[in-house]
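Taking my numbering, the leading residue of the sequence shown gets 3, the next gets one more, and so forth.
These notes concern the structure reproduced below.
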Amino acid sequence: MQVFERFVFHNGNLYPGAIKPDSIDLKNKKMLLHERDGFNMNRIRKIAKLHPNSIWDPENADYGSLVDSVMLGFTHVTIDGWIELSKLKIAHALCKNAITKFSLNKSIESIIKRLELLKNEIQRPVLIIGFNPGDIQKFFDKIDLKLGKKYDWYIAPSVSNEKLSHNNINILGWCKSQQESLER
């Protein structure tokens, strides 16, 4: 399992901490970068060049943002799991490293239902973003084992010290927030 540092990209810096993307502290780190900067091609191109193997999570994680982000240099880009099925299928056909994302601020049951619908339509990587402490565990407690094995999971819990007690799923990446290390 890979560990990704989790940041928000805003106004050309990474938060928490207002870290410059070219900081030596970030060299060779894998990151989940939530873009909240508006679509600024020059900034996106620069950060893609500095961190091409990070996961880029565009603010509007739609088909167009995915294609643009790949063209600007990112290898792994998220796409919203709730967009129209035909666009989701095309996005996965065009980008072999598309990662379908779901935020647990919606009903867990509706997300599981959507994953069931998508299981033969999209690639395996799925990013689950926690909204409240413990909701990642609740999600995996409710998901059917067979469906859980259909996907490769990236997990971004709402708190970094969250634990997950499931051995029957393939977790490719754990995306942890930088908040705890900044508080020390």
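Glycine residues also receive a C-beta, built at the ideal position from the N, C-alpha and C atoms.
Computed from a predicted structure; not experimentally measured.
Output needed for serine 105: all residues of its chain with C-beta closer than 7 Å, excluding positions within five of it in sequence on either side, in chain order.
Ile131 and Phe133
Bridge partners of leucine 34, per DSSP?
Arg8 and Ile57
Tell me the residue span of the alpha helix (DSSP H) that contains isoleucine 138.
Element bounds for isoleucine 138: 137-144.
Would you call leucine 147 buried or exposed, if buried means 16 or more other Cβ atoms sit within 10 Å of its Cβ?
exposed
Quick one: is valine 16 buried, meaning 16 or more other Cβ sit within 10 Å of its Cβ, or exposed?
Checking the sequence, you will find leucine at residue 16 rather than valine. It counts as buried.
Under DSSP, the alpha helix (DSSP H) around isoleucine 21 begins and ends at which residues?
Run containing isoleucine 21: none; DSSP gives neither H nor E here.
Do the CB positions of alanine 63 and threonine 80 come within less than 7 Å of each other?
yes
Closest residue to threonine 77 among Cys97, Trp84 and Ile85 (Cα-Cα distance)
Cys97
Taking the CB atoms as reference points, tell me whether lysine 178 and arginine 45 lie closer together than 7 Å.
Against a cut-off of 7 Å, the Cβ pair of arginine 45 and lysine 178 comes out as no contact.
Please state whether the Cβ-Cβ distance between leucine 174 and aspartate 154 is less than 7 Å.
Less than 7 Å separates the beta-carbon of leucine 174 from that of aspartate 154.
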